Amino acid sequence: MNCKPLGIVGLEEALPNGQYQLLHLRCRGFQTKPLTMAVDRPLTVKVKHFFMLIDSTSKCPVLALEIYIYLTLEKDRVSQHIFVPKADTTGLGSQRIDVAAVVLVLVKALVETNAGAYFKEPVAWKQSRKDNDVKAESPYATVNVLRALASKLTSDPASIHSLPYYGTPEHKEKESRGPEVADTVTTKISLFTRAANAYIFPKLEHNSGKHIADGNTLFRWWLRIFDHCLPSTWRCVGDIPGAEAAAVARSFPSDRWKQGNIYVSGLTPAVRQIPLFPDDPKGRFLEHLIVEGRYKSVTTQQFWLELGFRQEFRLGNVVGIIGCENSDAVALDRESTCPGLSVSHKQYKKVVEFVKGEDYSNKFDIQAMIESGLPEVFKQNGLKYLTIKLEGKRQRKEMSPKNVMPVNNLNSMVRKRPAVNNLTGLVKKAPKNSKPSTGS
1 MNCKPLGIVG LEEALPNGQY QLLHLRCRGF QTKPLTMAVD RPLTVKVKHF
51 FMLIDSTSKC PVLALEIYIY LTLEKDRVSQ HIFVPKADTT GLGSQRIDVA
101 AVVLVLVKAL VETNAGAYFK EPVAWKQSRK DNDVKAESPY ATVNVLRALA
151 SKLTSDPASI HSLPYYGTPE HKEKESRGPE VADTVTTKIS LFTRAANAYI
201 FPKLEHNSGK HIADGNTLFR WWLRIFDHCL PSTWRCVGDI PGAEAAAVAR
251 SFPSDRWKQG NIYVSGLTPA VRQIPLFPDD PKGRFLEHLI VEGRYKSVTT
301 QQFWLELGFR QEFRLGNVVG IIGCENSDAV ALDRESTCPG LSVSHKQYKK
351 VVEFVKGEDY SNKFDIQAMI ESGLPEVFKQ NGLKYLTIKL EGKRQRKEMS
401 PKNVMPVNNL NSMVRKRPAV NNLTGLVKKA PKNSKPSTGS
């Protein structure tokens, strides 16, 4: 990869002085099950992105981010849903980096990527069951004739020229291009935040260089990223199910944010409207509704009210849900460029599972993994190990008086306890006699 992918150039401005490498894998689109239990079950395409930033000095990964793109083929448009399942750091770099600045650049690059780019490459559509079923002899003579013909063509492909229709030179086989795709796209972004010791890099909880944020901090951290990443025309909402409205509002970085979600839609049943993502905390409630037989009657609004009382949201670990949407339709551009090293879904899984399966408590083992283990996995899966070379340009700020964050002196704001009135000086005391009085 000699040229830098679209939108990734800003990484060098976000990184401190030093040498880095970026591994960016993107699996080609493949058909997956719909995000919701819709009646019509529209065709849905899934694309996965995996980013891993490597510090060339320490020869260790410092950050990884995984993002899934769901493309639902509706009649009048393509509905794009960007989901951020995991982001993690190691604390194994040679110097501290601004993780938020790096993640912002990566997320923004995918938000600005036109969804038409994902249809530029062949999509792995699922075969229909009719193509896969091997059945016994059919009671219908026509079916048996066609099966015999298919068997003959399999054993002798040249026999196709003996067929009356396919043997004519005028006939041209129609190219299979999959289903028709609409010309416009709308985009949504979903994310739920939940504090954990590790998301991608396991066994790093005892590393002093790794910062583990609590649920509230993580929620505010992602809110700020989307606040800086998305244009002002986007609708942005966030919520912590079960929390007070005032507590949620205090987390919002700007006035554009409102408490709520992007799923509530009138009296629509929740199972028809609310998407279900991998490892989704609200997904267990959706399954519970099906078991209880209430899935037809519980609306999206009722679902959201009951969600705050679920065990997943009441055990003390704050779970935040963030949603952003751009309802303005954008033209689908199939000639646009899509960043990342294009691989099959099988190749993608092999590489990512290898990265997630390592023990990151031993720095020397991780260095060996980056230098030899990972390139070998690429080779075994028929891939060439390619990374993007980056040179950090962000100057390290010196802690001069101008750059030091001022300490807030709250003494003047502390309400002092009122002084107790001492009336000792106002009480007239009886004079003391030098000699004791005696009776006359």
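Sequential numbering of the sequence shown, starting at 1, is according to the UniProt record's numbering.
Ideal Cβ positions, reconstructed from N, Cα and C, are used throughout, including at glycine.
Remember, it's a predicted structure, so these values are computed and weren't measured experimentally.
Rounded to the nearest angstrom, what separates residue i and residue j at their Cα positions?
i: residue 13; j: residue 102; result: 9 Å
i: residue 298; j: residue 320; result: 22 Å
i: residue 153; j: residue 313; result: 59 Å
i: residue 69; j: residue 87; result: 15 Å
i: residue 179; j: residue 252; result: 41 Å
i: residue 441; j: residue 97; result: In the structure as shown, the chain starts at 1 and stops at 440, and residue 441 therefore has no counterpart that could be examined.
i: residue 337; j: residue 108; result: 15 Å
i: residue 42; j: residue 182; result: 13 Å
i: residue 1; j: residue 122; result: In this predicted model, residue 1 has a pLDDT of only 43, less than 50, meaning its place in the structure is not dependable; the value taken from the coordinates is given anyway. So the alpha carbons of these two residues sit roughly 21 Å apart.
i: residue 223; j: residue 147; result: 58 Å
i: residue 347; j: residue 11; result: 26 Å
i: residue 45; j: residue 255; result: 34 Å
i: residue 326; j: residue 51; result: 25 Å
i: residue 287; j: residue 190; result: 20 Å
i: residue 232; j: residue 55; result: 34 Å
i: residue 375; j: residue 385; result: 5 Å
i: residue 18; j: residue 393; result: 8 Å
i: residue 388; j: residue 334; result: 25 Å
i: residue 92; j: residue 29; result: 33 Å
i: residue 142; j: residue 118; result: 40 Å
i: residue 370; j: residue 67; result: 22 Å
i: residue 208; j: residue 217; result: 18 Å
i: residue 310; j: residue 247; result: 19 Å
i: residue 278; j: residue 236; result: 22 Å
i: residue 221; j: residue 16; result: 20 Å
i: residue 23; j: residue 106; result: 12 Å
i: residue 284; j: residue 244; result: 23 Å
Using beta-carbon positions only, say whether residue i and residue j come within less than 9 Å of one another.
i: residue 89; j: residue 201; result: yes
i: residue 225; j: residue 104; result: yes
i: residue 25; j: residue 340; result: yes
i: residue 332; j: residue 78; result: yes
i: residue 249; j: residue 259; result: yes
i: residue 282; j: residue 192; result: yes
i: residue 124; j: residue 80; result: no
i: residue 308; j: residue 242; result: yes
i: residue 187; j: residue 82; result: yes
i: residue 507; j: residue 361; result: No answer is possible for residue 507: it lies beyond the span of the chain, which begins at 1 and ends at 440.
i: residue 145; j: residue 230; result: no
i: residue 291; j: residue 27; result: no
i: residue 150; j: residue 318; result: no
i: residue 184; j: residue 76; result: yes
i: residue 350; j: residue 380; result: yes
i: residue 84; j: residue 65; result: yes
i: residue 31; j: residue 126; result: yes
Looking only at DSSP bridge pairs, what is residue i linked to?
i: residue 238; result: 259 and 322
i: residue 48; result: 68
i: residue 34; result: Its beta-bridge partners do not exist; DSSP assigns none.
i: residue 189; result: 82 and 324
i: residue 53; result: 22 and 63
i: residue 154; result: Residue 154 is not bridged to any residue.
i: residue 184; result: 331
i: residue 124; result: 30
i: residue 16; result: 394
i: residue 194; result: 319
Does residue i get closer than 9 Å to chain D when you measure Cβ to Cβ?
i: residue 232; result: The structure shown contains no chain D; it is built from a single protein chain.
message = Which complete beta strand (DSSP E) runs does the region 67-109 hold, if anything under 3 residues is left out?
response = Every beta strand (DSSP E) stretch that sits fully inside the region 67-109 and reaches 3 residues is listed by chain position as 78-89.
ask   = Where are the beta strand (DSSP E) runs, 3 residues long or more, that stay fully inside the region 248-300, in chain order?
value = Complete beta strand (DSSP E) runs here, min 3: 257-259.
inquiry  = Would you call the region 263-273 in contact with the region 288-306, where contact means no fewer than 3 C-beta pairs closer than 8 Å?
reply    = Yes, the region 263-273 is in contact with the region 288-306.
inquiry  = Could you tell me which whole beta strand (DSSP E) segments of length 3 or greater appear in the region 324-398?
reply    = The region 324-398 is shown to contain whole beta strand (DSSP E) runs of 3 or more residues at 341-343 and 388-392, in chain order.
message = Tell me whether the region 347-359 and the region 45-65 touch, counting them as touching only if at least three CB pairs, one residue from each stretch, are closer than 8 Å.
response = Yes, the region 347-359 touches the region 45-65.
ask   = Can you list the alpha helix (DSSP H) stretches of 4 or more residues lying completely in the region 202-234, in chain order?
value = Contiguous alpha helix (DSSP H) elements confined to the region 202-234 occur at 215-229, taking only those with 4 or more residues.
inquiry  = Within 8 Å, do at least three Cβ pairs link the region 271-288 to the region 32-39?
reply    = In short, these stretches touch, since the Cβ pair count reaches three.
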